[in-house]
Amino acid sequence: MSETGQALTTDGVPHDLEGGAGAADEEAELAKLEAQLYGNGDYEGEHGSEDAGNTEAQDGDAAGAAPLSKSQMKKRARLEKPPPRMMARRQECRAREKAARAERRAAASERKAAELAELSEEQRAALREESKAKLQAHRDQERQLKERLKQALDSGPRIVIDLDWEARMTPGDMRHLAQQLAFSYAANKAAERPAHLMLTSFKGGVAEVANKMISGMDKWFVTRSEAHYSSLFADPAQRSRLVYLTADAAEELEELSEDKVYIVGGLVDHNRYKGLCENAAKAAGIATARLPINRHIQLASRAVLTVNHVVQILVEYYNRRDWAAVLDHVLPMRKRAEYQQQQQQQGKQKGGQRGKGQQQEGEAKEDTAAAEEAGTWVVGFEEEEAGKVEGAGTTGTASEVAAADTGAEVGSSEAGGGEGEAVTG
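Per this note's numbering, the very first residue in the sequence shown carries number 3; after that it's consecutive.
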């Protein structure tokens, strides 16, 4: 089961658990707390890091991670152990959702039974044959997928996910990591030519959380090992083929070699640590490299990706051999500089519209104030001169009359522009 109350299938994709908005509100609140705690507002999956190494780099912790304030420590405690009232509300919401799902399933069964009752015997027989054919086609497809994955274990290019990072992650981080592992496996399974995925240091809390959250993980066609990757590739000839991927590497990948073993850091750190992979790899004598992202796509920030994004990029490149096409397909839009610029431009346009309305309202108020000093009310722009109404011809304040001229609503910051800078000229 996922952190958000979703069960993850053996394919690594979440079941769609329908229901009310109560649980979603609870999860949104927890998401907001995590974003405040870790300073990362992208809660839809941008929690992972391509920038990860092994625990040999623990000496850099103090310098890489800023100390938590008392407020942040309280938020962390709340995340790791939510208040009983919140847990009770969540359980109530989930119970309601479960009952609603059962009710919908029962209603669907009744509708299907009613539809079948209206069919003739020949029509029902044809429908049964059609269902059998679809089921057989699905089974054949699954059989082919399994054969491809089995073959990848013997001859596929190897991708190692280094999970030796439990000490640097909170329980929430490990839940996010489990989700990323599930999506990594799903991306590999969907490939025409899958890779050989290896989960190293798969033990302790990371393994416990992953096995609990991901249904059927024990049936995955991957290599799982409690050993560190350095133990699995201890021979000097083998270690020379290791390449740890990190955004801090000086060398950029130009081509993926099937003779190499590419390592992805299985760490969810919300960018709290910098350079861990690079330092650890150098200490171990392992080569490092970075994906050629900036050569093909301009990012709005540092090229740190989730585990599943890195795995998907590698798998797709093995199949397509086109960096530009693969990166354009995999990288989320919110990571790109062009998208960020478009969002900023839209924000400026909205702010400009609000500012222009604010300017017009301000000018109208100035005209009204001047008219009041002369004992005159501004009635409208259509009259050649201001109407001299001394309280009898018009009701309301001067600002209300001025607002009528500008089309604004008195007391409404939205009509007058509210927040935003005024646009002059």
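Backbone N, C-alpha and C define an ideal beta-carbon position, used for all residues, glycine too.
Predicted, not measured: the structure shown is a model, and the values here were computed from it.
query	result
Residue of F204, P85, V312, I299 minimising C-alpha distance to A189	V312
Nearest residue (CA-CA) to I216, options R103, Q182, R323	Q182
Residue from H230, N321, L155 whose Cα sits closest to the Cα of K205	H230
C-alpha distance - V270 paired with L201, whole-angstrom precision	15 Å
Neighbourhood of S157 by C-beta distance below 6 Å, restricted to the same chain and skipping five residues each side	none
Backbone secondary structure at D166 - three-state DSSP	coil
Buried versus exposed, by CB contacts within 10 Å (16 or more), A79	exposed
Selected residue, minimal CA-CA separation from K152, among S186, P196, A180	P196
Coil, strand or helix - E254 by DSSP	strand
Exposed unless 16 or more other CB atoms sit within 10 angstroms - verdict on S233	exposed
Environment of A282 [buried if 16+ CB atoms lie within 10 Å]	buried
L247 vs H298 beta-carbon contact at 9 Å	no
Straight-line Cα distance separating I265 from A184	17 Å
For L247, three-class secondary structure by DSSP	strand
L155 beta carbon less than 9 Å from that of H198	yes
Spatial distance of L258 from R160 (CA atoms)	11 Å
Endpoints, beta strand (DSSP E) assigned at G267	263 to 267
Burial state of R292 (16 or more Cβ within 10 Å)	buried
Contact under 9 Å by Cβ, W222 with Y275	no
Identified DSSP bridge partners for R292	E254
Boundaries of the beta strand (DSSP E) in which M200 is found, first to last residue	198 to 202
Test item: CB-CB of L251 and T290 under 9 Å	It is Ala, not Leu, that sits at residue 251 in the sequence shown. For A251 and T290, yes; Cβs fall inside 9 Å.
Supposed contact pair L147 and K191 - C-beta distance, whole angstroms, cut 8 Å	6 Å
Selection from E253, G287, G218 that minimises the alpha carbon distance to D237	G287
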